[in-house]
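Numbering (my numbering), first residue to last: 7 to 433.
Next up, the structure:
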């Protein structure tokens, strides 16, 4: 046993030889009806009595006990003790030996040798019938086997009843299976009928889809009137749009609407909200979202009643009114453009001659100017009377007019038409 091998690990060679002899005797004795167990408590305790209980079981939990032996073992001077157990009442080989010392489980041993001899299980093979009894050598075991055999026969009767019940239920199950097979035929017929009706339903569905598609297309035509009214970029292309109910038109970048009042505003009796800049007759209005006015159609004319920002609408009206005048002026300017171009060309042509004459006359005109100044200005009493005509650039000396009676108010300008400098004096 494993415990005995562990307890022999600390003794000398003499003790090992002695224990080997003892184990040999155990092997011999175990083939009979006794079983010898050696113990050596640790640490070594010489001449000490211990209370042991040895249970032979079939499980490691020590619950299914085949044989129990309670004994007292006294150790010798070396601390080793033994006991010879009577195991003749064992009817089968145990798998575990549960060792209790002092009322507590010390260890469960699982390495047990074969305890029962093979002769205990030898059968009388001369009996060929093996009816109700099994002939064995041990009469006690024979009686037990007879008892077990009787119980088994009784169990067989119950088992036979159970088998008959199973067979009867098999018949019922077979009947149910047959009914299921019959139902399968009906189910297949129903499925085939359903498949046949599917073809009819599919034909009806195709016919209904065609009708539905035509109705959808007709409705689309009545709503938009033209499928190309607004293209993918949000610009209006060709076609007409009938707007007969209130609603919103979104995602339109720029719409060119002809006959605005008759075809568009005339059909709207609601509030128009401009969300961004708008253009009216080529004039762009910024921040048009601030304009909140009611547009409606009355007596064949479109009426736009301003509720907010009336000043803006007044400016727009004035701008539209003045636009006509500006257009007339631009037209007149374009008409006179040819004459103006001719005059400008002639002026450019004579410019060289005029410039040459101006250079030639410069000296003469300066002389004449000096003469006129000498005759018009009194150096003793420097008062300019009348108009002073200057035809060229002149330099006037600073004249002190301090302490003079009254104030001199004058206006000096250059007359481009007469090509002269005019000084007007008052006061």
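We treat Cβ as the ideally placed atom computed from N, Cα and C, and that holds for glycine. These numbers were taken from a predicted model, which means no experiment stands behind them.
Is DSSP giving residue 336 helix, strand or coil here?
DSSP places residue 336 in helix when its eight states are reduced to three.
I need the DSSP call for residue 74, collapsed to helix, strand or coil.
Reduced to three states, the DSSP call for residue 74 is strand.
Tell me the rounded alpha-carbon separation between residue 183 and residue 163.
Cα to Cα, residue 183 sits roughly 30 angstroms from residue 163.
Buried versus exposed call for residue 119 [16 or more other C-beta atoms within 10 Å across all chains shown]
Answer is exposed; the Cβ neighbour count stays below 16.
Can you tell me whether DSSP reads residue 348 as helix, strand or coil?
Reduced to three states, the DSSP call for residue 348 is helix.
Separation of residue 422 from residue 333, as counted between CA atoms
Roughly 31 angstroms between the two C-alpha positions.
What would DSSP say about residue 427, mapped onto helix, strand or coil?
Residue 427: strand per DSSP, three-state reduction.
Answer yes or no: do residue 90 and residue 42 have a C-beta to C-beta separation smaller than 8 angstroms?
Yes, the pair counts as a contact, with Cβ atoms nearer than the cut-off.
Less than 8 angstroms between the beta carbons of residue 114 and residue 79, yes or no?
The answer is no: Cβ separation not under 8 angstroms.
Residue 175 versus residue 101: straight-line alpha-carbon distance, rounded
Going by C-alpha positions, residue 175 is about 43 angstroms away from residue 101.
Taking DSSP's pairing of strands, which residues face residue 107 in a bridge?
Beta-bridge pairing links residue 107 to 58, 110.
Give me, in chain order, the residues of the same chain whose beta-carbon lies closer than 8 angstroms to that of residue 69; leave out the 5 immediate sequence neighbours on both sides.
Sequence-distant Cβ neighbours of residue 69 in its own chain, meaning closer than 8 angstroms and more than five residues away, are 63.
How big is the Cα-Cα spacing for residue 429 and residue 330?
Straight-line Cα distance between these residues: approximately 43 angstroms.
Candidates 111, 213, 94, 193: which alpha carbon is nearest residue 4's?
The requested residue 4 is not part of the displayed model; the chain covers only 7 to 433.
Alpha carbon to alpha carbon, how far is residue 71 from residue 98? Give it in angstroms, no decimals.
Each residue's Cα considered, the two are about 11 angstroms apart.
So, using beta-carbon positions, are residue 48 and residue 83 closer together than 8 angstroms?
No, the Cβ-Cβ distance between residue 48 and residue 83 is not below 8 angstroms.
Which runs of the alpha helix (DSSP H) at least 4 residues long sit entirely within the region 178-229? Give them in chain order.
Unbroken alpha helix (DSSP H) stretches of 4 residues or longer found wholly inside the region 178-229: none.
Is the distance from the Cβ of residue 437 to the Cβ of residue 60 below 8 angstroms?
This structure does not reach residue 437, given that the chain is present from 7 up to 433, and the question cannot be answered.
According to DSSP, is residue 270 part of a helix, a strand, or is it coil?
Note that residue 270 has pLDDT 45, beneath the 50 cutoff, so the model's placement of it is unreliable and the number below is only indicative. In the structure shown, residue 270 adopts coil according to DSSP, grouped into three states.
Start and end of the beta strand (DSSP E) containing residue 43?
Per DSSP, residue 43 belongs to the beta strand (DSSP E) from 40-45.
Run through the DSSP bridge pairs and tell me what residue 85 is partnered with.
According to DSSP, residue 85 bridges with nothing at all.
Whose CA, out of 323, 81, 95, 373, lies closest to the CA of residue 74?
For residue 74, the nearest C-alpha among the options comes from 95.
For residue 421, which of helix, strand or coil comes out of DSSP?
Note: residue 421 maps to strand in three-state DSSP.
Using the C-alpha atoms, what's the distance from residue 356 back to residue 343?
Answer to the nearest angstrom: the Cα atoms are 20 angstroms apart.
Residues that DSSP places opposite residue 329 in a beta bridge:
Residue 329 is not bridged to any residue.
Cα-Cα separation, residue 178 to residue 185:
C-alpha separation (whole angstroms): 10 angstroms.
Run through DSSP, which three-state label would residue 90 get?
Three-state DSSP puts residue 90 in a strand.
Give the DSSP-derived three-state secondary structure of residue 359 in the structure shown.
The answer is helix: DSSP assigns residue 359 an H, G or I state.
Can you say whether residue 81 is buried or exposed, counting buried as having 16 or more other CB atoms within 10 angstroms of its CB?
Residue 81 should be labelled buried.
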